[in-house]
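*Asks:* All the letters of the sequence shown, read from the start, carry residue numbers 0 to 268 under numbering that gives the first Met the number 0.
Every residue, glycine too, gets a C-beta built ideally from N, C-alpha and C.
The following block contains the structure, expressed as structure tokens.
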Amino acid sequence: MPHQEPASHQAGAPKSPQPPQPSQPSQPPQPIPSVWTRPRSGREQPALSRDQIVAEALRLLDSDGLDALSMRKLGTRLGAGATSLYRHVANKDELIELAIDEIYGEIEVPEPTESPDSATWRADAVRCAQSLRGTMLRHPWIASVLGEMGMSYLGPNAMRLAEGMLALFTRAGLPATEADQAASTLVAYVTGMATSEAAYLNVLARSGRTEQDWVDHVWPTAEQAAASYPHLRDGYAEQRGKDPRASRDTNFQYGLDRVLDGLETRITH
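Put into structure tokens, the structure is as follows:
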């Protein structure tokens with residue numbers, strides 16, 4: 000029997016609607032630029048480890064500041080070319096992420112075995128807060144980059160700190176969600192105060208003066224500027240002659256105590 004085209008294919012016959020074609024797949028999302036989201040390279044040189052690179056980067060950052068850090072300069076200090084460093088870190092931002100997490104490793108975090116009940120939560124919180132502040136002031140450059148390193152909380156030492164603080168407030172009796180809020184509140188206070196102090200200490204470092212010498216130098220000008228503002232004038236008069244470092248410690252502790260007072264009302268509620 001001769002082959003005959005279906006009626007729908009014959010000239011003049013209306014064509015049936017074609018099924019919709021599948022849409023083209025969208026472009027895959029770009030990877031998040033962070034050392035913590037990128038698989039570690041298998042091409043790292045045994046002679047130059049990531050730990051060595053981070054340790055030297057920290058020495059450079061602490062001595063010369065953030066602006067002085069470059070892959071070329073770091074490679075020179077390590078006796079290696081910048082290309083060698085890129086086998087371990089993709090860019091400068093990743094290096095800073097690693098340096099930040101290394102610093103987090105210095106922070107004293109109460110272990111669960113140290114506080115088997117809720118009675119010592121406040122002493123643990125004070126110790127952790129003071130350690131966080133002290134760590135930031137030992138590495139004042141960190142204050143200017145914490146907000147820019149959006150994935151730094153994924154580092155192992157940052158995770159250890161977060162876990163320890165959550166455990167602290169959970170042992171104190173707060174539910175999980177509120178323990179997270181309490182930890183965030185405490186960290187926000189400490190980092191806020193320490194950021195201001197770190198900026199001040201950076202100014203001191205650039206001036207080449209000691210803190211006491213700096214205060215003695217600027218105090219007369221500050222008092223003169225405050226002469227028309229009675230509350231400020233009285234405040235400057237009261238602080239005249241006091242040890243500036245001791246005053247910073249006192250001011251920090253005052254604010255920390257008030258934050259913990261507020262959290263304690265929730266814990267004992």
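Quick check on the DSSP output: the alpha helix (DSSP H) that includes Tyr103 runs from which residue to which?
*Replies:* Lys91 to Tyr103
*Asks:* Tell me the DSSP secondary structure of Glu177 in three-state form.
*Replies:* The three-state reading of DSSP puts Glu177 in helix, counting H, G and I together.
*Asks:* Between the Cα of Gly78 and the Cα atoms of Leu47, Leu262, Ser62 and Ala54, which residue gives the shortest distance?
*Replies:* Leu47
*Asks:* I'd like to know if the segment 145-160 and the segment 199-218 are in contact, where contact means that at least 3 CB-CB pairs between them fall below 8 Å.
*Replies:* no
*Asks:* In terms of residues, what are the limits of the alpha helix (DSSP H) holding Val88?
*Replies:* Per DSSP, Val88 belongs to no alpha helix (DSSP H) and is neither H nor E.
*Asks:* Take the Cβ of Asp242 as the centre, count every other Cβ of all protein chains shown within 10 Å, and call the residue buried at 16 or more, exposed below.
*Replies:* Classification for Asp242: exposed.
*Asks:* Identify whether His138 lies in helix, strand or coil by the three-state DSSP scheme.
*Replies:* coil
*Asks:* Grab me the residues of Val53's own chain with a C-beta within less than 8 Å of its C-beta, minus the 5 sequence neighbours each way, in chain order.
*Replies:* Leu94, Leu97, Ala98 and Glu101
*Asks:* Can you look up His216 in the DSSP assignment and give me helix, strand or coil?
*Replies:* helix
*Asks:* Quick check: the Cα distance between His268 and Glu162, rounded to an integer number of angstroms?
*Replies:* Those two C-alpha atoms are separated by around 24 Å.
*Asks:* Grab me the residues of Gly261's own chain with a C-beta within less than 6 Å of its C-beta, minus the 5 sequence neighbours each way, in chain order.
*Replies:* For Gly261, there are no CB contacts under 6 Å within the same chain when 5 residues up- and downstream are skipped.
*Asks:* Just list the alpha helix (DSSP H) runs in the segment 204-267, keeping only unbroken ones of 4 residues or longer that don't cross its boundaries, in chain order.
*Replies:* 210-224, 229-238 and 243-266
*Asks:* Less than 8 Å between the CB atoms is what I'm expecting for Leu65 and Val144, so what's the real figure, rounded?
*Replies:* 7 Å
*Asks:* Please state the DSSP three-state secondary structure of Met164.
*Replies:* helix
*Asks:* Between which two residues does the alpha helix (DSSP H) holding Thr75 run?
*Replies:* Thr75: member of the alpha helix (DSSP H) spanning Met70 to Leu77, first to last residue.
*Asks:* Rounded to whole angstroms, how far is the Cβ of Ala171 from the Cβ of Ile266, which I believe are closer than 8 Å?
*Replies:* Indeed they touch by this definition, with Cβ atoms about 5 Å apart.
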